[in-house]
Amino acid sequence: MSGSSPIARARCGFSARNADAGSIWPSNGATSRRLTAAHRSPIISRWPEVERAVDNPLSPISFEPKQRSATMIPRMAVALGLLLVLAAPASADWVCVGPEGGTIYSGAVPAGTSPPIYIASNNNGFPLIRSTDGGANWELWGANVASYLQKMAAHPTDPDILYGIASSRFYRTTDGGMTWTSITLGTNNNGRDIAVNPLNPDVIYVPSYRYDGSAWQVTSSKSTDGGTTWATTQVDTIAASTVYAMAIDPVDTTTLYLGGYVDGRSAVYRSTDCGATWTRKEFPANYSYVYSFYVSPVDNNIVFAGSVNGVIRSTDRGETWVRQGTSIYNYQIAAAPDNPNIMYTAAYNNVWRSTDAGVTWTAATGLSGTGLRTVLVVPGEDGAVYCGSTVGMFKSTDYGATWTSINNGLLIARVPVVSVSPHDPATVFIEVLDNVWFKSTDLGSNWQPQARPSGCGAVCNIALDPHDADRMYMLEGSG
C-alpha cells in the first residue's frame, strides 16, 4: 500500500479523511481502544495515543514517503468504526467519505402508523440503524449492542419494544433501541430466531440448540414474561443438530413450527400445545437447512418453509410438503399486509416474488449484492417492501416488481483494505467486505464500484505499481 496520504484500515467501519496529515490525534471522550501498529512518515512528527469507540482492531497504517507538492495539503483516508472519535482541531475535523452501504443482517418494523424501520448490521458493538422517512435517510440509533443481532422482532402493539437474538443472548429494548437489556437463554444454549405471540406478546419463543457436553441437540426456549426469564424444552435427542427458524400460527397460537438441520437432513417440527411437546414432520430430504417459515393469516393450513434449495409449501399445516420455488438460501418470507397473495422471499442473491399466494415465484430485478437475509413490509404503506443485502438497503414501491437502492446515511461498511495511487494522490482504492471494491478519483468524495476479477473472492490487499499507473495487483484471501 502506498500513496500521498497516511492510510489506515479497520475490520469494521467506513473511510474518513483529515487535512492535518495525522499530526494531531486528540481523543473525543470515547472508550479507549489503542492503535496497535503504525509506521512513521516524514510528514508526521508525532503520534499521541489514539482512542476509538469500536471494539475491532485497526490493521497496519501505510504512508507515502514524501509530499508531492509544497502547496498540496496532505490528506488522510482512514477506515474507522461507525462512531468517529478521532478528531483534529475545529479547523480540521474528520469527514466521513463512505462509501455508503454495508451488510444488513436483520431488521424489524414496530407497530403503529408510519413506524420507523430498524435494521442491524453484522458488526459487533454497534447500535441499530433507523429510518423515520421510509428509507430516504438512515441514522445510527441508540445504544451499542455487544453482538450483532442475527434476527430481530417487534412487539405487536408497543412500538418501543424490540427484540434481538445473538447466539446465547436475548436482547430487549423498551425505549426504541436507546438502551438494551441482555438476557441469557441458558448454559450452552444458542438461539437463532424469535417468534412473538401476536395475541399475548409476553409469550416469546426462540428456536435453540444446546450443547450437552458431547453434541448439539435441538431445543426450544420459551418466555412467558416478555423475555425476562426463559425455560428450555428438549425437542429432539439426535446429535449434531442445529435449528434456525420458528413461527407461530397467527390464527391458532397454540401451534408452532420449528425448522433446521438434523441428522444430516432438513427437519421440521410442529407443536400443538404451545411448545410443550414437539413432533417431527416428514419433509423433503434434499433441501438442507430450513431458515424461515411463514404461516398464512388468511388460511392457516398453508405454511411455507424457506430452505437452502427452495421454498417448500404445505397445505395441511405441515403434514406434507411440496417445493414451489427454486430460489436458494431463503432466509426470510413475508407477504404484503394489504394483499396476502403477494409474497416475498429474501434469498441468497435476490428477492423472489409471488403474486398467487406462493404457488409460483419469479426473481426480482434491480437488486445487487448477496446474502439477502431480511425482507420487511410496513402496514399502511401499500406496495412498499424493503430488503437488505451485503451492499445495503433496497426499497420497492410496486410490491417488489422493481427495486431502488436507499443507502443515504447508511455508513456501516467494513473496509479492510485501502490503497492510494502513487501516481495520483486523489485516487484511492478500497475493498469492502462482503461487497465489491471501490475506486475514488477525488479523495473519497465519490466512489465507483469496480467489477471484481473473474473467480476472485475477498481481497486482503491491493498494490499499485509505482512504475506503471495502469498496473495493479490484488491478493485474494482473508489476510
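Residue numbers (UniProt numbering): 1 to 479.
Think of the CB as a built atom: it goes at the ideal place given N, C-alpha and C, for glycine as much as any other residue.
Treat the numbers as computed from the prediction; the structure is a model and nothing was measured.
- In the structure shown, the three-state DSSP call for Y348 is coil.
- In this structure, DSSP gives Y473 an extended state, which the three-state scheme calls strand.
- Take T404, set aside five residues on each side of it, and the residues of its chain with a beta-carbon closer than 7 Å to its own are G366, F394 and K395, in chain order.
- Counting along the chain, the unbroken beta strand (DSSP E) around L140 starts and ends at E139 to V145.
- Put simply, the backbone Cα of Y209 is about 14 Å away from that of W278.
- Nearest Cα to R130 within the set A136, S223, N122 and Y118: Y118.
- Judged by beta-carbon spacing, Y348 lies beyond the 7 Å limit of V375, meaning their Cβ atoms are not closer than that value.
- Annotation: the continuous beta strand (DSSP E) that includes L376 extends over T374 to V377.
- Beta-bridge analysis with DSSP links E431 to V417 and W437.
- In this structure V268 touches K281 by the C-beta definition: roughly 5 Å separates them, less than 8 Å.
- With a beta-carbon spacing of about 14 Å, A120 and D193 fall beyond the 8 Å limit used to define contacts.
- Rounded to the nearest whole angstrom, the C-alpha separation of L149 and G102 is 15 Å.
- Leaving aside the five residues that flank G227 on each side, the residues in its chain whose CB is nearer than 7 Å to its CB run, in chain order, Y163, F170, R172, I183 and I204.
- For S296, no beta strand (DSSP E) run applies, since DSSP gives it neither H nor E.
- Nearest to W216 by alpha-carbon distance, out of D225, P115 and I238, is I238.
- Annotation: D133 to P116 spans about 7 Å, alpha carbon to alpha carbon.
- According to the DSSP assignment, T242 belongs to the beta strand (DSSP E) that extends over T242 to I248.
- DSSP places R265 in the uninterrupted beta strand (DSSP E) bounded by R265 to S271.
- For L185, no beta strand (DSSP E) encloses it, and the DSSP letter there is neither H nor E.
- For N286, the three-state secondary structure derived from DSSP is helix.
- For A120, the enclosing beta strand (DSSP E) has its first and last residue at I117 to S121.
- Annotated as proximal: L372 and S389, with beta-carbon spacing under 7 Å.
- When the beta-carbon positions are compared, T254 and T272 come within less than 7 Å of each other.
- From the listed residues A146, T232 and F126, the smallest Cα separation to N188 is found for T232.
- With fewer than three CB-CB distances shorter than 8 Å, the region 134-146 does not count as touching the region 417-434.
- Within 10 angstroms of the beta-carbon of L475 lie fewer than 16 other beta-carbons, which makes it exposed.
- Apart from the 5 residues on each side of it in sequence, M472 sits with its Cβ closer than 6 Å to the Cβ of L464 in its chain, given in chain order.
- A residue is called buried once 16 or more other Cβ atoms fall within 10 Å of its Cβ, and Y211, having fewer, is exposed.
- Between N350 and S292, the C-beta gap is not smaller than 7 Å, which leaves the two residues out of contact.
- Taking a C-beta distance under 7 Å as the contact criterion, R353 and T360 do not qualify as a contact pair.
- Spanning the alpha carbons of P201 and P156 requires a straight line of approximately 7 Å.
- Put simply, the backbone Cα of L185 is about 33 Å away from that of N435.
- The beta carbon of G176 sits closer than 6 Å to the beta carbons of D160 from its chain, once the five residues preceding and following it are set aside; these are given in chain order.
- Of the residues N197, D252, S241 and P250, the one whose Cα lies closest to the Cα of D225 is N197.
- Under DSSP, the beta-bridge partners assigned to S405 are F394.
- In this chain, the beta strand (DSSP E) harbouring V218 covers W216 to S223.
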